[in-house]
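Since the structure comes first, as structure tokens, the remarks are kept for the end.
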Amino acid sequence: MKLKLTPSLAYLIGLWKKRKTKEGAGVKGGEELLSVFARYAIQLGLTTPDKLLTADNKAYFYHARIRRFFQEVEKNALERFKYLNEYAANYVAGMFDGAGFVDKAGRIFIKGDEKDELLLYRLGFKTERKKEGILIKNPKLFLSFIIHYT
0 MKLKLTPSLA
10 YLIGLWKKRK
20 TKEGAGVKGG
30 EELLSVFARY
40 AIQLGLTTPD
50 KLLTADNKAY
60 FYHARIRRFF
70 QEVEKNALER
80 FKYLNEYAAN
90 YVAGMFDGAG
100 FVDKAGRIFI
110 KGDEKDELLL
120 YRLGFKTERK
130 KEGILIKNPK
140 LFLSFIIHYT
């Protein structure tokens with residue numbers, strides 16, 4: 000199976016980046032997050048329902064080539080997602096769905112590292128490192144970028 004990056008797959012990889020499991024290619028989290036991952040993985044033809052495993056708030060499947068592809072895309076994210084396009088929007092939306100939140104004051108955060116902060120900065124979003132995560136300083140612009148993909 001030859002994999003090609005699509006916007007939907009970019010979303011799944013962004014979600015996987017923030018919530019990956021040690022086992023296979025999968026995510027850990029709540030029921031809603033697991034159902035989103037399972038639905039995308041099956042729709043994209045990455046796995047079949049009978050090969051999708053769930054246990055201990057995890058949903059995953061075993062496929063070494065797919066996991067390597069996910070890792071390669073994650074490793075080269077700064078180069079792959081440097082333009083304001085559908086691919087980057089889906090990837091960032093996946094990251095936000097996996098590790099983002101809005102606090103009581105309406106500020107938007109994504110839990111992440113320096114590489115995530117640099118990716119957001121290169122896409123034109125002003126950011127600031129905080130204890131809670133990466134603060135998005137222009138939330139309206141950020142939400143308008145990802146709103147159709149979350």
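Read left to right, the sequence shown gives residues 0 to 149 (numbering that gives the first Met the number 0).
A virtual CB, placed ideally from N, CA and C, is assigned to each residue, including glycine.
As the structure is a prediction and not an experimental result, all values here were calculated from the model.
Query: Proximal residues to L2 (C-beta, below 8 Å), its chain only, five neighbours per side dropped; Result: L8, R64, I65 and F68
Query: Inter-residue Cα distance where the pair is P138 and R106; Result: 7 Å
Query: Residues sharing a beta bridge with I135, DSSP; Result: I107 and T126
Query: Sub-8 Å separation of L32 and G93 beta-carbons; Result: no
Query: Pick from E113, D49, T149 and K103 that is closest to L77, judged by C-alpha positions; Result: E113
Query: Boundaries (first-last residue) of the beta strand (DSSP E) holding L52; Result: L52 to A54
Query: Pick from G111, L11 and E22 that is closest to L43, judged by C-alpha positions; Result: L11
Query: Exposure of D115, with buried meaning 16 or more beta-carbon neighbours within 10 Å; Result: buried
Query: K114 - DSSP class collapsed to helix/strand/coil; Result: helix
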